[in-house]
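**Q** The sequence shown lines up with residues 8 to 197 when you count with the numbering used here. Ideal Cβ placement from N, Cα and C applies to all residues, glycine included. Could you have a look at this structure, given as structure tokens, before my questions?
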Amino acid sequence: MTDNPPPTVPQTIETERLLIRCPRPGDGKALYDAIIASREHLSAWLTWASWPNITVKRAEASVLRNRDRYLKSEDMTMFIFLKESNALIGGSGLHDPDWKVPKFEIGYWQHVDYGGHGYMTEAVNAIADLAIRQLGTKRLQLECYPHNERSIRVAERCGFHLEARLANYRRHHQTSVLHDWLIFARLPNY
């Protein structure tokens with residue numbers, strides 16, 4: 008029996024306020040600007056936000072790598088833009104796909120200047136809807152630190168249920184303090 012190739016993942020999702028899409032050549036500057044503006048906020052949660060050598064050139068290289076992986080359905084990093092201003096306000100996507108199930112992990116980050124408006128909830132709901140309705144996913148997973156209250160609230164608002172708390176699971180990338188880790192899941196028709 009041969010494995011079927013993964014389906015083509017739509018490159019654009021549109022919501023009332025947002026355009027969520029596959030990275031495109033030229034997005035590196037907007038990505039760089041969003042990371043630099045939000046670095047202090049993001050670095051507490053994301054290892055890559057702490058990288059000291061980020062440049063526009065490296066951000067653009069990341070955009071091109073992520074685009075290539077997206078087009079191959081290997082990992083679908085998505086950028087989130089406000090429709091009214093075309094400002095890059097964050098990122099999300101369907102990561103670590105297992106097309107045999109199919110299942111994905113949803114991750115997300117948000118530009119610090121755009122928090123508190125429900126944009127990430129809107130984006131995650133739209134991405135989850137795409138995964139369930141168009142890609143036939145049987146499981147979506149979302150993971151975070153137990154003290155990341157904003158991320159936990161997004162998960163809960165988007166219909167993810169706490170499935171596990173893994174004790175002493177991960178060391179914080181900045182402090183090396185050992186932390187528990189939360190795993191949330193959303194299943195179709197759950």
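#1: Are the beta-carbon atoms belonging to I96 and Y121 less than 8 angstroms from one another?
#2: Using a Cβ-Cβ cutoff of less than 6 angstroms, which residues in the same chain neighbour L89 once the five nearest sequence positions on both sides are dropped?
#3: Within the same chain, show all residues whose beta-carbon is closer than 6 angstroms to that of S3, passing over the 5 residues directly before and after it, in chain order.
#4: When the Cα atoms are used, what is the spatial distance from T9 to I87?
#5: Ordered along the chain, which non-local residues of its own chain (more than five positions away) have a Cβ less than 8 angstroms from that of E129?
#6: Apart from the five residues just before and just after K145, which ones in its own chain have a Cβ nearer than 8 angstroms to its Cβ?
#7: Given a threshold of 16 other Cβ atoms within 10 Å of its Cβ, counted over all protein chains shown, does N11 qualify as buried or as exposed?
#8: What number of angstroms, rounded off, separates the C-alpha of E163 from the C-alpha of C151?
#9: Measure the beta-carbon distance from H102 to A41 and round it to whole angstroms, keeping in mind my assumption that it falls under 8 angstroms.
**A** Short version:
#1: Translated into positions along the sequence shown, residue 96 becomes position 89. Translated into positions along the sequence shown, residue 121 becomes position 114. If you check the CB distance, I96 and Y121 come in under 8 angstroms.
#2: Within the sequence shown, numbered from 1, the residue matching residue 89 stands at position 82. Around L89: I96.
#3: Outside the shown range of the chain (8 to 197) lies residue 3, about which nothing can therefore be said.
#4: By one-based count along the sequence shown, residue 9 stands at place 2. By one-based count along the sequence shown, residue 87 stands at place 80. With a pLDDT of 47 at T9, under the threshold of 50, the predicted position of this residue should be treated as unreliable, and no value is reported.
#5: Numbered from 1 along the sequence shown, position 122 holds the residue referred to as residue 129. Excluding positions up to five away in sequence, the list reads T22, E23, R24, L25.
#6: Here residue 145 corresponds to residue number 138 of the sequence shown, with the count starting at 1. Beyond the five residues adjoining it in sequence on each side, K145 comes within less than 8 angstroms, by CB distance, of V108, P109, K110, L194, P195 in the same chain, given in chain order.
#7: In the sequence shown, the residue the question calls residue 11 occupies position 4. Of the residues assessed, N11 falls on the exposed side of the cut-off, its CB having fewer than 16 other CB atoms within 10 angstroms.
#8: To locate residue 163, count along the sequence shown from 1; it is residue 156. To locate residue 151, count along the sequence shown from 1; it is residue 144. C-alpha separation (whole angstroms): 12 angstroms.
#9: In the sequence shown, counting from the first residue as 1, residue 102 sits at position 95. In the sequence shown, counting from the first residue as 1, residue 41 sits at position 34. About 19 angstroms; that fails the 8 angstroms criterion.
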